[in-house]
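Just below is one structure, and these are the notes that go with it.
Number of protein chains: 2
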Amino acid sequence: MKFCLNIPTRLVFGAGELKNIHTLELPGKRALVVISAGTSMRSHGYLDTLLAGLKQAGVEAAVFDRVQPNPIREHVMEGTALCLSRQCDFVIGLGGGSSIDTAKAIAITAAMGGDFWDYVQGGTGGGKPVTRALPVVAIPTTAGTGTEVDLWGVVTNEATQEKMGFGTPLIFPHTAIVDPELMLTVPSKLTAYQGFDAFFHAAEGYISQAHTPISDLYALEAIRLLYKYLPVAVADGNNMWARIKVAWASSLAGMVESTSCCTGEHALEHAMSAFYPKLPHGAGLIAISAAYFRTFKNDVMKRYMKMAEKMRQVKSARPSDFLDALEVMKRSCGVDNVKLSDWGITMADFDRFADNAIATGGAMLDLDPRFLNREELINIYMESYK
Amino acid sequence: MKFCLNIPTRLVFGAGELKNIHTLELPGKRALVVISAGTSMRSHGYLDTLLAGLKQAGVEAAVFDRVQPNPIREHVMEGTALCLSRQCDFVIGLGGGSSIDTAKAIAITAAMGGDFWDYVQGGTGGGKPVTRALPVVAIPTTAGTGTEVDLWGVVTNEATQEKMGFGTPLIFPHTAIVDPELMLTVPSKLTAYQGFDAFFHAAEGYISQAHTPISDLYALEAIRLLYKYLPVAVADGNNMWARIKVAWASSLAGMVESTSCCTGEHALEHAMSAFYPKLPHGAGLIAISAAYFRTFKNDVMKRYMKMAEKMRQVKSARPSDFLDALEVMKRSCGVDNVKLSDWGITMADFDRFADNAIATGGAMLDLDPRFLNREELINIYMESYK
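The structure is reproduced here in structure tokens:
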């Protein structure tokens, strides 16, 4: 029982808290605000609320609004150029994981210079050490990634078809504002996909070889909350109480990523999204989850039973109780029939998916309860295909 | 459901971790090491281990070894003088809460100048704002205070007979090394007293009006662990597994203090220790705990039942289940017959205790589940007396 707990982020949680941003100590005077290329941050008024708050706090702001759902290296470099030209001294990510992860990548590249890919470890990344980063403020408008309280980001290099994670304690956000009011507008299907992303951060972190006593605590609470409240938030997006609980569970699951680690399920999904960028991350995870978790059923039996107990709130006698509860949860969220073929994936893709997962997902695959070889990885894709 | 979570401390937890201090990034090059006036830090070799590690890390060290069990302002000022004359750039507290709290007080006074009491809020404290502090490294050798992961300290002003808490985010330790090996030498009785201090940090923080979803999570896990493992550690001090669990519970309870707050029980105890400095803090808490918790039995019924469930691991139907479980835990730790009279306290003291608690314990009394007037505070002392 040896571990390190270090999450320096100040997490400000509560409905309506974005409106109070001017009352917080912010880490700079000139912010680069990173949002997606979509219209929602403007149409829902979130960007205006943020800019008004920054103005009230005496902070100047430049807006970079080019981020796409699976964020790409090219936009990191565009955002970095804007950040440097406006001499911004911190970066705010407002939106889903893609905006916040792009903000993190810009924070590194603007401080270090050169190309973002120089600082990516693994794959074709340059592997240079990151010794500086601008401070990041994360304001998630979705409940799923947990990136607001972790030291990770994910960016895709389109040229090399790599969806790569990157991480350094320097990109723990200085401040995270988790305001569930901003999540009321997320459509039902996306609420489910994102919520399951959070669920799998918790479940993977719980069965990961990297698990710690503190990650276990966060993971089991996130699993309990999501099983109970995600179906409610999916069924009625205006249920504020459910949105609050799901948002909190998502941050807890992000804290799992900072105290344990994701496992092979995420590596397998990143490979799919690298080739099929339109596949939502959560949908990809849901599609392979039954086969993935079935694989380790007899390796970490007590942990499966503990997860099942948190979900069903009754004693569990079999590891398969977790698999059953997971299927119930998918059905109650209307995502029990996610088809990989709906996004154009064919069985002919599985070889390159497996190669990509092995090339880019190293640490995550190493932390599985039991190491899977290439054939076993392909089997998970095979069993998941419909 | 609004709250802020911000514990920037890096917690390094594990048996034998003190020996690895040279592998950690430390916050300075010249350390003031603060230890107690007793012999244990030297005789058990803990100080030597620390100094050897610092040397290996290229850190110079000066040792201040005057701290007594209830640390006093005078020693804070002596330590500050040594810190300044040796031009130390960070402070290491090695020992129980008294050494770490003195280190925190020195960190403030050395950075701010003047007298420590200038920066104490409430009572006769000067109330000046603290805007700087030297970085602190906390290495607890007892499991109880949780000060290694919180922003609080407690120091007594002998001249005014005030035992006062002080706190600022600036004194969150930069690094906490929680090494349960260092706790193997704590005698049985002190193990019980200190473990109950941790238990009450958790239980008070759980019923406090300041409780948050994250403090609830930490508190209930600390309560569960202490009920199960504290009696084991008390019965067999060499049981490493029990020491590990109790140490972890103590840090969790410290994190409760940083995300919720202690309540009136601590204010009532500080008043007793201010007049009777030989009364161990944990013994004082144990002595008044039955009467204190009985007072709020009908105010936060569900929370009492939840605590009882974590302790007994069965469903609870009555708030008094918690009171019963607490008595069982005291008996199994051999502290069910702590007598205030053993430390010379008489019933004639209760008036000045109550006045002192009201004068110095403001915020803690305000956060009780229900506000208690002076008469009710005296009643708690009366009911506890034997």
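Chains as they are written, first to last, in the numbering used here: chain A, 1 to 386; chain B, 387 to 772. Even glycine gets a Cβ: it sits at the ideal position worked out from N, Cα and C.
Review point. Taking C-beta to C-beta, are Ser251 of chain A and Leu151 of chain A nearer than 8 Å?
Key: Along the first sequence, one-based indexing puts residue 251 of chain A at 251. Along the first sequence, one-based indexing puts residue 151 of chain A at 151. No; because the gap between Cβ atoms is not below 8 Å, this pair is not in contact.
Check your understanding: Within this structure, are the beta carbons of Ser422 of chain B and Val453 of chain B separated by less than 8 Å?
Key -> Counting from 1 along the second sequence, the entry for residue 422 of chain B is found at position 36. Counting from 1 along the second sequence, the entry for residue 453 of chain B is found at position 67. Cβ distance < 8 Å, so Ser422 of chain B and Val453 of chain B count as in contact.
**Study point:** Phe196 of chain A beta carbon less than 8 Å from that of Val335 of chain A
**Key:** Position 335 of the first sequence, counted from the start, is the residue given in the question as residue 335 of chain A. Position 196 of the first sequence, counted from the start, is the residue given in the question as residue 196 of chain A. In contact: Val335 of chain A and Phe196 of chain A (Cβ atoms closer than 8 Å).
Exercise for review: Pull up the DSSP beta-bridge partners for Leu323 of chain A, would you.
Suggested key: The count along the first sequence starts at 1 and reaches residue 323 of chain A at position 323. None, per the DSSP bridge assignment.
**Study point:** 8 Å Cβ cutoff met for Gly45 of chain A and Asp179 of chain A
**Key:** As a working note, residue 45 of chain A is residue 45 in the first sequence. As a working note, residue 179 of chain A is residue 179 in the first sequence. No.
Review point. Comparing the C-beta of Met569 of chain B with each C-beta of chain A, is any distance below 8 Å?
Key: If you number the second sequence from 1, residue 569 of chain B lands on position 183. No, because no Cβ of chain A sits closer than 8 Å to the Cβ of Met569 of chain B.
Review point. Can you name the residues of chain B whose CB is closer than 8 Å to the CB of Ile416 of chain A?
Key: One cannot answer for residue 416 of chain A here, as it falls past the ends of chain A, which runs 1 to 386.
Exercise for review: State buried or exposed for Ala619 of chain B, treating a residue as buried only when at least 16 other CB atoms are found within 10 Å of its CB.
Suggested key: Residue mapping note: residue 619 of chain B aligns to position 233 of the second sequence, counting from 1. Classification for Ala619 of chain B: buried.
Exercise for review: Give, in chain order, every residue of the stretch 198-222 of chain A whose Cβ lies closer than 7 Å to some Cβ of chain B.
Suggested key: Residues passing the 7 Å Cβ filter: Pro213, Leu217 and Glu221.
Review point. Can you find a C-beta in chain B that's less than 8 Å from the C-beta of Phe90 of chain A?
Key: In the first sequence, the residue the question calls residue 90 of chain A occupies position 90. Taking Cβ atoms only, chain B never reaches closer than 8 Å to Phe90 of chain A, which makes this a no.
Check your understanding: Taking only beta-carbon atoms, is Gly361 of chain A less than 8 Å away from chain B?
Key -> The count along the first sequence starts at 1 and reaches residue 361 of chain A at position 361. No, because no Cβ of chain B sits closer than 8 Å to the Cβ of Gly361 of chain A.
Exercise for review: Measure the beta-carbon distance from Arg774 of chain B to Val445 of chain B and round it to whole angstroms, keeping in mind my assumption that it falls under 8 Å.
Suggested key: No answer is possible for residue 774 of chain B: the residues shown for chain B start at 387 and end at 772.
Point to revise | Best match in A:Pro69, A:Ser43, A:Ile380 and A:Trp117 for proximity to Asp351 of chain A [C-alpha to C-alpha] | key: Position 351 of the first sequence holds residue 351 of chain A. Residue A:Ile380 is the option with its Cα nearest to Asp351 of chain A.
Point to revise | Continuous alpha helix (DSSP H) stretch holding Phe585 of chain B: start and end | key: Numbered from its first residue, the second sequence carries residue 585 of chain B at position 199. Taken as a continuous stretch (DSSP letters only), the alpha helix (DSSP H) holding Phe585 of chain B covers Ser574 to Ile593.
Practice item. Measure from the C-beta of Cys261 of chain A to each C-beta in chain B and report whether the shortest distance is under 8 Å. Key: Stepping through the first sequence from its first residue, residue 261 of chain A is reached at position 261. So no, Cys261 of chain A is outside the interface.
Review point. Can you tell which of B:Pro413, B:Ala740 and B:Met768 has the C-alpha that lies nearest to the C-alpha of Ala562 of chain B?
Key: Numbered from its first residue, the second sequence carries residue 562 of chain B at position 176. Comparing Cα positions, the closest option is B:Pro413.
Practice item. Compute the Euclidean distance between the alpha carbons of Ala653 of chain B and Arg704 of chain B, then round it to the nearest angstrom. Key: By one-based count along the second sequence, residue 653 of chain B stands at place 267. By one-based count along the second sequence, residue 704 of chain B stands at place 318. Answer to the nearest angstrom: the Cα atoms are 27 Å apart.
Exercise for review: Mind checking the stretch 8-22 of chain A against chain B and listing, in chain order, the residues whose C-beta falls within less than 9 Å of any C-beta there?
Suggested key: Pro8, Thr9, Arg10, Leu11, Val12, Phe13, Gly14, Ala15, Gly16 and Glu17
Exercise for review: Just grab the DSSP bridge partners of Thr156 of chain A for me.
Suggested key: Counting from 1 along the first sequence, the entry for residue 156 of chain A is found at position 156. In the DSSP output, where bridge partners are listed per residue, Thr156 of chain A has A:Ile72 and A:Lys163.
**Study point:** Within chain B, the residues that Trp152 of chain A reaches when beta carbons sit closer than 8 Å
**Key:** Counted from its first residue, the first sequence places residue 152 of chain A at position 152. The contacting residues do not exist; Trp152 of chain A stays about 18 Å from chain B at best.
Review point. Where does Asp451 of chain B sit, in a helix, a strand or coil, going by DSSP?
Key: Reading the second sequence from its first residue, position 65 is the one you call residue 451 of chain B. Residue state, collapsed to three classes: strand.
Review point. How about Leu391 of chain B: is its C-beta nearer than 8 Å to some C-beta of chain A?
Key: Here residue 391 of chain B refers to the residue found at position 5 when the second sequence is read from its first residue. Closer than 8 Å: yes.
Exercise for review: Give the range of the alpha helix (DSSP H) segment to which Val232 of chain A is assigned.
Suggested key: If you number the first sequence from 1, residue 232 of chain A lands on position 232. Val232 of chain A -> alpha helix (DSSP H) spans Pro213 to Ala235.
Check your understanding: Anyone know if the C-beta pair for Tyr592 of chain B and Ala578 of chain B falls short of 8 Å?
Key -> Position 206 of the second sequence, counted from the start, is the residue given in the question as residue 592 of chain B. Position 192 of the second sequence, counted from the start, is the residue given in the question as residue 578 of chain B. No.
Check your understanding: How would you call Ser43 of chain A, buried or exposed, if buried means at least 16 neighbouring beta carbons within 10 angstroms?
Key -> The residue labelled residue 43 of chain A in the question sits at position 43 within the first sequence. Answer is exposed; the Cβ neighbour count stays below 16.
Practice item. Report yes if the CB atom of Leu773 of chain B is closer than 8 Å to the CB atom of Leu397 of chain B, and no otherwise. Key: Nothing can be reported for residue 773 of chain B, as the shown portion of chain B is limited to 387 through 772.
Check your understanding: What do you reckon, are the CB atoms on Tyr505 of chain B and Gly512 of chain B nearer than 8 Å?
Key -> The sequence position of residue 505 of chain B within the second sequence is 119, counting from 1. The sequence position of residue 512 of chain B within the second sequence is 126, counting from 1. In contact: Tyr505 of chain B and Gly512 of chain B (Cβ atoms closer than 8 Å).
Point to revise | Inter-stretch contact at 8 Å, needing at least 3 Cβ pairs: the stretch 624-632 of chain B / the stretch 705-714 of chain B | key: The stretch 624-632 of chain B vs the stretch 705-714 of chain B: no contact.
Review point. Can you pull the DSSP bridge partners for Glu60 of chain A?
Key: In the first sequence, counting from the first residue as 1, residue 60 of chain A sits at position 60. Glu60 of chain A pairs with A:Arg30.
Check your understanding: To the nearest angstrom, how far is it from the Cα of Phe558 of chain B to the Cα of Pro8 of chain A?
Key -> On the second sequence, position 172 is the one that residue 558 of chain B refers to. On the first sequence, position 8 is the one that residue 8 of chain A refers to. Each residue's Cα considered, the two are about 11 Å apart.
Review point. With a Cβ-Cβ cutoff of 8 Å, do Ala291 of chain A and Glu383 of chain A count as a contact?
Key: On the first sequence, residue 291 of chain A is found 291 positions in, with the first residue counted as 1. On the first sequence, residue 383 of chain A is found 383 positions in, with the first residue counted as 1. Yes.
**Study point:** CB of Ile494 of chain B within 8 Å of CB of Val516 of chain B, strictly
**Key:** Numbered from 1 along the second sequence, position 108 holds the residue referred to as residue 494 of chain B. Numbered from 1 along the second sequence, position 130 holds the residue referred to as residue 516 of chain B. Contact flag set, yes.
Check your understanding: Using a C-beta to C-beta distance shorter than 8 Å, which residues of chain A count as neighbours of Trp634 of chain B?
Key -> Numbered from 1 along the second sequence, position 248 holds the residue referred to as residue 634 of chain B. Listed by position along chain A, the residues whose Cβ is nearer than 8 Å to that of Trp634 of chain B are Met1 and Pro213.
Check your understanding: With Lys297 of chain A and Tyr304 of chain A assumed to form a contact (beta carbons below 8 Å), what rounded beta-carbon distance in angstroms separates them?
Key -> Indexing the first sequence from 1 puts residue 297 of chain A at position 297. Indexing the first sequence from 1 puts residue 304 of chain A at position 304. Here Lys297 of chain A really is in contact with Tyr304 of chain A; their C-beta atoms are around 6 Å apart, less than 8 Å.
Check your understanding: Name the DSSP beta bridge partners of Cys390 of chain B, please?
Key -> Your numbering for residue 390 of chain B matches position 4 in the second sequence. Answer is A:Val12.
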